[in-house]
Amino acid sequence: MLFPVLLVTVLVLLSACAATSGPAPSQGSEVDSRVRAPAKEDSEGVQVFPLQNPAVKELLADAGSAESAGNYNQAATLLERALRIQPRDPEILQSLAEVRLQMRDYSQALNFATRSYDIGPRVGEICSRNWRTISVSREHLNDHAGSVEAEQKAKACMNTKPRSL
Amino acid sequence: MSKRRKKTAAKRKKTSKPVSRGWIGRFWRFGLLLVGVFLGLLVPWVIYLNYQVTTEFEGRKWDLPSHVFARSLDLYPGALLPVQDLEMELKASGYRSSNELSRPGQYRKSGNSVEIFRRSFKFHDGEEGPGRFRVRIAGGKVTDITDLAAGKPLDLARIDPAEIAAIYPLQKEDRTLVKLVDVPQLLVTGLQAVEDRNFKHHPGIDLRGILRAAFANLKAGRAVQGGSTLSQQLVKNYFLTHDRTIARKFNEAIMALLLELHYDKSNILEAYINEVFLGQQGAYAVHGFGQASLFYFDQPLNRLEPNQIALLIGLVKGASYYNPRRHPERATARRNQVLSAFSETGLLTAQEAKKQASLGLGITAKPRSRGTRYHAFVDLVRRQLSQIYQEQDLKTEGLRIFTTLAPSVQEKTQAAVTEGLRQLEKRGLSPTLQAAMVVADVSTGEVQALVGDKNPDRAGFNRAIHARRQIGSVIKPLVYLLALEHSNDYSLVTEIEDEPLTLRQADGSNWSPANYDEKSHGGVTLLEALTRSYNQATVRLGLNIGINNLVSRIEQLGVSAEVDAVPSVFLGAVELTPLEVTQIYQSLAAGGFSVPLRSVIAVQTAEGNELARYPLRMVPQPRREAIGVLNYALTQVVEQGTAKALPGLLGRTESIAGKTGTTNDRRDSWFVGYTRNRVAVTWVGEDDNSPARVTGSNAAMQLWAGLFRQLPFEPVDLRMPDGAYWRWVDSKSNLLTGKTCEGAVQIPFVEGSAPSRSTACYSAQEKDEESFWKKLFGKKKQ
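Read top to bottom, the protein sequences are chains G and B.
For reference, each letter of the first sequence is one residue, going 7 to 171 in the working numbering.
For reference, each letter of the second sequence is one residue, going 3 to 784 in the working numbering.
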């Protein structure tokens with residue numbers, strides 16, 4: 007009751023589902039090749055996603071189109087509007103991180119992805135996108151060790167059971 | 003010309019009749035003298051008039067005020083929005099209740115369903131056309147939205163924002179300048195149809211118009227028409243005098259001609275529309291249609307209906323004689339005259355004119371109090387913008403400023419402050435107490451409401467932004483945060499000493515902090531010491547943490563304040579403004595993601611082109627696991643500590659995090675509280691910093707509760723970030739225990755800080771308690 011309702015579904019990933027789980031990719035960007043595609047590939051078998059408000063879905067889709075068209079400012083504006091509706095939605099925060107990555111604003115990309123991870127499911131595709139974004143950002147920020155570590159964490163997102171503490 | 007002819011004629015006469023040198027000659031000489039004097043005076047006089055009229059015109063022509071908009075309200079299924087809040091928002095945006103729902107800007111409420119005719123608007127992220135939709139609300143939540151034209155459900159719709167201020171240099175004159183392009187076409191053409199049909203063609207004065215008026219007046223036997231052109235009327239308004247002398251008429255005519263010589267028609271018309279006298283509010287004259295529209299209808303000019311435009315045009319003839327508030331019959335008759343002029347000239351069809359004439363005047367009962375709404379918030383907007391824009395630009399460039407203000411939250415905050423202080427006075431506290439309040443969105447740092455005075459309509463000292471006051475115990479959570487970051491040494495169940503202590507200060511004097519209840523409590527846990535706000539325990543803990551660490555942590559949380567590194571800092575001997583305190587607590591409430599508080603999200607030019615955007619930016623704090631644990635501790639302040647009266651005041655039991663603050667001699671009362679999505683800070687005290695008999699819970703918390711009683715909210719999220727987790731602990735011994743053991747309570751720990759010893763009841767299987775599901779959902783509330 008205290009927590010955002012998450013629908014946790016373990017399923018064999020259907021390609022149709024995958025297509026709706028993030029903004030439409032724009033061709034040939036680092037975000038696609040190094041964040042979205044591998045995260046999608048990794049997450050076969052495990053999927054965790056929040057129940058999304060239709061208004062948020064609509065805004066995410068619009069933001070995805072804006073991003074594909076290279077209109078990153080508009081994409082960010084739409085995502086921020088979505089965030090006002092669901093302030094603690096890991097998907098929105100991760101999408102913001104990816105838009106920042108497209109804009110080469112690596113420190114903000116890193117921060118948004120971190121926040122998304124903190125309040126997100128910490129497993130599955132979103133988690134993998136979180137850490138891959140962090141990894142790419144760190145690399146650009148010359149934190150190579152951190153980048154490698156984040157890459158490892160991305161892989162750990164696919165454990166269906168969290169690491170023991 | 004004619005004068006020169008006379009002169010030569012005179013000469014001719016002189017030569018032809020040389021004999022008559024007597025009185026005729028003297029007459030002509032005298033005449034010449036007169037003409038000379040006249041010309042000698044006229045030329046400088048015209049130059050003088052020219053100077054006057056151009057100065058006046060230039061001085062006012064260019065400035066366009068910046069328009070400040072509130073945030074636009076998003077409507078979507080699931081939105082927490084009671085019907086009365088929606089109505090409050092609609093009213094703030096200038097929407098009017100109507101049974102017809104025939105025009106944009108109207109809404110119709112029936113029970114829990116509200117139909118809205120949304121206006122078209124250029125939002126900061128794009129333009130949206132007009133549209134009609136129905137919003138249904140149940141249990142304080144929007145259940146569905148239907149597009150009435152298409153008959154289809156909508157996932158998302160938004161309302162055009164309230165305009166909360168116009169930043170204008172001559173604010174004291176109560177003018178809301180409008181640009182000609184923004185003026186409704188009907189007003190532009192209608193004004194000419196009624197006041198000056200030949201406006202486009204005459205040179206400033208209209209001889210035909212004068213003749214026509216004279217003829218009409220003669221026929222009627224009284225003055226029914228005026229012959230003044232709009233240019234003449236404009237001049238008359240510039241130098242408003244009431245004497246109806248020939249000399250004044252003459253001056254007016256000259257100046258009107260001069261105006262037309264210098265400026266084109268559209269400039270003159272724009273100036274006229276912004277200048278003409280249309281009413282009186284107390285000592286303030288209402289000039290211009292923009293201001294009159296607000297004064298009579300509480301609507302911006304571009305949102306008026308034809309009958310309202312007709313009324314305003316009718317008022318040009320005599321704003322006090324036709325005053326619609328005082329003489330509604332006269333005003334209605336005059337309006338209908340104007341409407342028939344509209345239909346005569348083809349501006350409205352006869353049918354439409356008739357329909358409009360059948361409507362009521364639609365004026366508000368009394369004018370809104372003059373000037374800007376929400377002064378305190380607009381101050382904050384100016385402050386944010388002043389980092390980029392010159393004050394002069396704000397006043398003259400006609401910028402469109404999109405802000406984060408939530409009108410319904412602002413209204414409720416103002417009411418909570420005013421009403422809260424009234425209650426405190428009833429309970430015997432000083433009537434001169436002042437207060438400030440800031441409300442912000444936790445995740446986006448957007449300031450939703452800000453109050454800087456107990457009288458929110460008063461523009462003046464803004465305590466929310468400028469009052470630096472000691473923050474008292476409101477600082478303590480930071481001391482405990484630093485302790486929790488030292489996870490090898492401290493957890494919430496670590497015991498510390500709440501015993502008297504004496505410290506030698508820099509000036510050689512001794513300082514012996516006492517507790518609020520003037521007792522010492524011996525060994526207490528960090529959790530107890532924080533929730534009960536024990537001073538002695540906190541200072542002891544602080545000394546172990548180090549003053550400099552605390553000072554730099556405050557900076558790290560986004561506030562750069564000058565802090566003396568003395569031990570009393572641990573008890574809040576730091577002066578901060580309510581806004582700065584909000585910034586610190588935003589970081590905590592957002593689980594350690596600091597977002598600089600924002601009041602402006604975008605600025606556009608007058609034409610709607612983007613000038614600046616202020617996107618969301620966040621800075622993660624180090625050791626967020628400690629912040630997660632601290633958040634839990636602050637919910638315990640409300641559950642069992644100094645703020646435990648809060649749930650009763652609210653009539654709600656959801657988890658809220660909070661901290662009270664009281665300063666020496668009860669000078670300042672603070673309360674900081676946050677729910678999942680909102681953080682709000684309240685300060686109460688005397689302006690002169692005299693003892694006010696206030697405590698955090700007897701004053702500021704009361705105001706805070708007054709606000710949150712009226713706001714929908716969700717409980718604080720207590721899921722721990724990576725690096726912190728929940729454990730069952732025995733409430734007496736503070737040892738690890740099993741969930742089902744007696745006295746077991748759940749407490750979060752930073753990794754590695756949980757008690758290493760356990761109770762006998764603690765069974766091996768409990769070790770698996772931190773299951774997958776647990777990890778996902780965190781602590782379940784009992």
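Positions of the beta carbon are idealized from the N, C-alpha and C atoms, including for glycine.
Name the chain B residues whose beta carbon is nearer than 7 Å to that of D124(G)? Near D124(G) (Cβ distances below 7 Å), the residues of chain B are G593, R626, P723.
Q) In this structure, what does DSSP give as the bridge partners for E577(B)? A) Q472(B)
> Going by alpha carbons, who is nearest to D459(B) out of E307(B), G653(B), S596(B), I166(B)?
Replying inline: I166(B)
| said: DSSP three-state label for T434(B), please. | reply: coil
When you compare the CB positions of D149(B) and G133(B), do they come within less than 9 Å of one another, or not? yes
Among M439(B), G422(B), E413(B), whose alpha-carbon lies nearest the alpha-carbon of L431(B)? G422(B)
For this session: Using a Cβ cut-off of 9 Å (strictly closer), state whether V137(B) contacts chain G.
Result: No, V137(B) does not count as interfacial toward chain G.
Open item on the list: Would you say K63(B) lies against chain G (beta-carbon separation less than 9 Å)?
Closed with: Residue placement at K63(B) is flagged as unreliable, the pLDDT there being 47, under the threshold of 50; the coordinate-derived value follows with that caveat. Not closer than 9 Å to any Cβ of chain G, the Cβ of K63(B) fails to qualify, so no.
Review point. Just how far apart, CA to CA, sit V383(B) and N464(B)?
Key: 13 Å
Close Cβ partners of E130(B) (< 7 Å) along its chain, the five nearest in sequence each way excluded: S122, F123
query: What's the gap between the Cα of Q301(B) and the Cα of S295(B)?
result: 6 Å
What residues match up with M439(B) in a beta bridge as DSSP calls it? V453(B), T684(B)
> Does any residue of chain G bring its CB to less than 9 Å from the CB of V444(B)?
Replying inline: Judged by the 9 Å Cβ criterion, V444(B) is in contact with chain G.
Residue-chain proximity (I556(B), chain G), Cβ-Cβ < 9 Å
no
**OP:** Whole angstroms is fine: what's the gap from I207(B)'s alpha carbon to L401(B)'s?
**Re:** 36 Å
Does the segment 84-95 of chain B come within contact of the segment 426-444 of chain B, defined as at least 3 CB pairs closer than 8 Å? no
Q: Have a look at the DSSP bridge pairing and note the partners of S74(B).
A: Partner(s): none; S74(B) has no beta bridge.
| said: Can you confirm whether the segment 446-458 of chain B touches the segment 726-741 of chain B when touching is taken to mean that 3 or more C-beta pairs between the two stretches lie within less than 8 Å? | reply: no
- Check the DSSP bridge columns for W137(G) and list the partner residues they point to. DSSP, once it has assigned bridges, lists no residue as partnering W137(G).
Query raised in the report: Taking 9 Å as the CB-CB cut-off, is G80(B) touching chain G?
Result: yes
In its own chain, which residues sit with a C-beta less than 7 Å from the C-beta of P723(B), not counting the 5 before and 5 after it?
-> G593, R626, E627, G630.
Continuous beta strand (DSSP E) assignments of at least 3 residues falling wholly in the segment 90-130 of chain B:
As far as the segment 90-130 of chain B is concerned, its whole beta strand (DSSP E) runs of at least 3 residues are 108-112, 115-120, 123-125, 128-130.
Reference H264(B), options P617(B), Q54(B), V495(B), closest by Cα: Q54(B)
At a CB distance below 9 Å, what residues from the segment 60-84 of chain G approach chain B? Give them in sequence order. Result list: P60, A61, V62, K63, E64, L65, N79, Q80, A82, T83, L84.
Review point. Can you name the residues of chain B whose CB is closer than 9 Å to the CB of L89(G)?
Key: S445, T446, L618
Excluding the 5 residues flanking L116(G) on each side, which residues of the same chain have their C-beta closer than 8 Å to its C-beta? A103, T139, I140, S143, R144, L147
- Query: Does L102(G) come within less than 9 Å of chain B when only Cβ atoms are used?
  - Reply: yes
State the Cα-Cα distance for the pair G152(G) and R615(B), rounded to the nearest angstrom.
31 Å
Buried or exposed: Q392(B), going by 16 or more other Cβ atoms within 10 Å of its Cβ? exposed
Using a Cβ-Cβ cut-off of 9 Å, state whether P31(G) counts as contacting chain B.
-> Annotation note: pLDDT 42 at P31(G) (below 50); position unreliable, coordinate value reported separately. Not closer than 9 Å to any Cβ of chain B, the Cβ of P31(G) fails to qualify, so no.
Span of the beta strand (DSSP E) around I248(B)
Note, I248(B): premise wrong, no beta strand (DSSP E); alpha helix (DSSP H) at 248-264.
Assign I169(B) to buried or exposed, taking buried as 16 or more other Cβ atoms, counted over all protein chains shown, within 10 Å of its Cβ. buried
| task | Measure the C-alpha to C-alpha separation of P693(B) and S511(B) and round it to an integer number of angstroms. | result | 23 Å
Got a sec: is the Cβ-Cβ distance from I603(B) to anything in chain G below 9 Å? yes
Assign Q293(B) to buried or exposed, taking buried as 16 or more other Cβ atoms, counted over all protein chains shown, within 10 Å of its Cβ. Of the residues assessed, Q293(B) falls on the buried side of the cut-off, its CB having 16 or more other CB atoms within 10 angstroms.
I'd like to confirm the pairing. Which residues does DSSP put opposite Y286(B) in its beta bridges? Q283(B)
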